[in-house]
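**Q** Just dropping this structure here.
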Amino acid sequence: AEDTGVRVELAEEDDGKKSSIALRLWVEDQKKLKGKYKDSGAIEFTFDLDTEVPETVAQEMVDSGFFLEIDVKIVGKSIRDRVSLIKWRRQRSTSAHN
Amino acid sequence: SSAAQVVHSAGRRFIVSPVPESRLREQ
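In order, the protein sequence lines correspond to chains A and B. At position 20 of the first sequence (counting the first as 1) the number is 20 in this note's numbering, and the numbers step up by one without a gap. At position 8 of the second sequence (counting the first as 1) the number is 8 in this note's numbering, and the numbers step up by one without a gap.
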């Protein structure tokens, strides 16, 4: 995935079954963000792989004051990339079983 | 010392905690 400066990782082991997973997001490279970033640490949250949209979570982070509106796209993309990878891994694992 | 801060937004819970030193730069 592209280096967006925003890192998103699983905050728990993926059992491959639950649709709701815990993710952890933090800024690795502030220079990649357009807005001035207030270093508030790692943000942990749950995300539903089936029903939720990464960009919506990014907007909630903006609304909560973690990021500025100008960076909502880069945060959304960072979450989307990680979610895509998790889904891809799950699909691959399912295919391997069959 | 590393107490987490909890922020609620539209029903979602964000838990904020310090980033472990080892995770700051992995590349």
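Glycine is no exception: its CB is placed at the ideal position from the N, C-alpha and C atoms.
1) Using C-beta distances below 7 Å, list every residue in its chain close to A/D29, excluding the 5 sequence neighbours before and after it, in chain order.
2) How would you write the range of the alpha helix (DSSP H) that A/I74 sits in, first residue to last?
3) At 9 Å on the CB atoms, spell out the chain B contacts of A/S20, in chain order.
4) On the three-state DSSP scale, how would you describe B/V7?
5) Between the alpha carbons of A/P54 and A/V83, how many angstroms are there, rounded?
6) State the DSSP-derived secondary structure class of A/V8, mapped to helix, strand or coil.
7) Helix, strand or coil: how does DSSP classify A/D63 here?
8) What does the alpha-carbon distance come out to for the pair A/A11 and B/R12?
9) Since A/E44 sits in a beta bridge, which residues does DSSP pair it with?
10) Quick check on DSSP: helix, strand or coil for A/V53?
11) Just the C-alpha distance for A/D14 and A/K36, rounded to the nearest angstrom, thanks.
**A** By the coordinates alone:
1) Translated into the one-based positions of the first sequence, residue 29 of chain A becomes position 29. So the list reads G5, once near-sequence residues are dropped.
2) Along the first sequence, read from residue 1 onward, the residue named residue 74 of chain A stands at position 74. From DSSP, the alpha helix (DSSP H) with A/I74 extends over V72 to H97.
3) Taking the first residue of the first sequence as position 1, residue 20 of chain A is located at position 20. Ordered by position in chain B, no residue passes the 9 Å Cβ test against A/S20, which lies about 11 Å from the chain.
4) Counting from 1 along the second sequence, the entry for residue 7 of chain B is found at position 7. Note: B/V7 maps to strand in three-state DSSP.
5) Translated into positions along the first sequence, residue 54 of chain A becomes position 54. Translated into positions along the first sequence, residue 83 of chain A becomes position 83. Looking at the two C-alpha atoms, the distance is approximately 8 Å.
6) Counted from its first residue, the first sequence places residue 8 of chain A at position 8. Three-state DSSP puts A/V8 in a strand.
7) By 1-based counting over the first sequence, the position of residue 63 of chain A is 63. Helix, per DSSP.
8) Counted from its first residue, the first sequence places residue 11 of chain A at position 11. Counted from its first residue, the second sequence places residue 12 of chain B at position 12. Taking the straight line joining both Cα atoms gives about 16 Å.
9) Looking up residue 44 of chain A in the first sequence gives position 44. Bridge partners of A/E44: A/R24 and B/I15.
10) Position 53 of the first sequence, counted from the start, is the residue given in the question as residue 53 of chain A. Correct three-state label for A/V53: coil.
11) Here residue 14 of chain A is taken as the residue at index 14 of the first sequence, counted from 1. Here residue 36 of chain A is taken as the residue at index 36 of the first sequence, counted from 1. Each residue's Cα considered, the two are about 33 Å apart.
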